[in-house]
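J.:
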Amino acid sequence: MYSEKVMDHFTNPRNVGEIENASGVGTVGNAKCGDIMRIYLDIDEEGIINDVKFKTFGCGAAVATSSMATELVKGKNINEALKITNKAVMDALDGLPAVKVHCSLLAEEAIHAALWDYAEKNNIVIDGLEKPKSDIGEEEVTEEY
Numbered sequence: 005m006y007s008e009k010v011m012d013h014f015t016n017p018r019n020v021g022e023i024e025n026a027s028g029v030g031t032v033g034n035a036k037c038g039d040i041m042r043i044y045l046d047i048d049e050e051g052i053i054n055d056v057k058f059k060t061f062g063c064g065a066a067v068a069t070s071s072m073a074t075e076l077v078k079g080k081n082i083n084e085a086l087k088i089t090n091k092a093v094m095d096a097l098d099g100l101p102a103v104k105v106h107c108s109l110l111a112e113e114a115i116h117a118a119l120w121d122y123a124e125k126n127n128i129v130i131d132g133l134e135k136p137k138s139d140i141g142e143e144e145v146t147e148e149y
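Note that my numbering has the sequence shown beginning at 5, numbered continuously upward.
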C-alpha cells in the first residue's frame, strides 16, 4: 500500500526533464528490478543547487522517490544535498513498502552520482562523497521500513 504522498509524486511528478549543459548528471540503476534513474543538477558558483531535473524508467515508487529527491535537494548547497539519505526520501513520502525501499536508495545514489560528476568536471573533492555504484541491488539496502 502506497501513501498519498507516494501516489501524488507518482501521478504528478515534480522536476521531470533534462537540464542542458548540467553541472552534474548522475545515472544509476538496479539490474534486478530494471529501474534506471538519471538526475541533472544545475549548481551555481556558490555551490547552490538552483535547478534539478530527473528522468526515471521504472515503477511508480521509482518515479515518486526521484520526484521527492529532486524536491529535497533544490535550493540546497552541495554538502546539504550530500546528507539527503534514502531514509529522508522515504520519510518525506510517508514511507514505502519494504519491497520498494531500494527505490529510495536509487534516488540517494543518483544524487551522489550527479554530485560526483560535478566534482569530476570541476576538479574538486567533496568531503564524504564516494564514487557511485553502477548497479544498486536490494541486498545493499540497509534501512528497513
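We put the beta carbon where it would ideally sit given N, CA and C, even for glycine. Since the model is a prediction, treat every value here as computed from it, not as a measurement.
(1) Go to I53, then tell me how far its beta strand (DSSP E) extends in each direction, as first and last residue.
(2) Find the nearest neighbour of Y57 within the set G33, E75, H116, judged by alpha-carbon distance.
(3) Going by beta carbon distance, what residues of the same chain come within less than 6 Å of I40, once the five residues before and after it are set aside?
(4) Among L45, E8, C37, which residue has its Cα nearest to the Cα of G23?
(5) So L119 and I82 are supposed to be a Cβ contact under 8 Å. How far apart are they, rounded?
(6) Among the residues of its own chain, which have a CB less than 7 Å from the CB of I115, if the five just before and after it don't count?
(7) Taking just the CA atoms, how far does K36 sit from V103?
(8) How many angstroms separate the CA atom of N127 from the CA atom of D121?
(9) Between D95 and E49, what straight-line distance do the alpha-carbon atoms span, to the nearest angstrom?
T.: Walking through what the data contain:
(1) For I53, the enclosing beta strand (DSSP E) has its first and last residue at 53-61.
(2) Reading the sequence as shown, one finds Lys at residue 57 and not Tyr. Measuring from the Cα of K57, the nearest candidate turns out to be E75.
(3) Setting aside the 5 residues that flank it on each side, I40 is surrounded in the same chain by G33, F61, each with a C-beta closer than 6 Å to its C-beta; the list follows chain order.
(4) Per the sequence shown, the amino acid found at residue 23 is Ile instead of Gly. I23 has its Cα closest to that of L45, out of L45, E8, C37.
(5) About 6 Å; that satisfies the 8 Å criterion.
(6) Counting only Cβ-Cβ distances below 7 Å, and skipping sequence neighbours, we find G30, I43, A73, V77, A85, I88.
(7) Straight-line Cα distance between these residues: approximately 12 Å.
(8) Their backbone Cα atoms lie some 10 Å apart in a straight line.
(9) The alpha-carbon separation between D95 and E49 amounts to approximately 31 Å.
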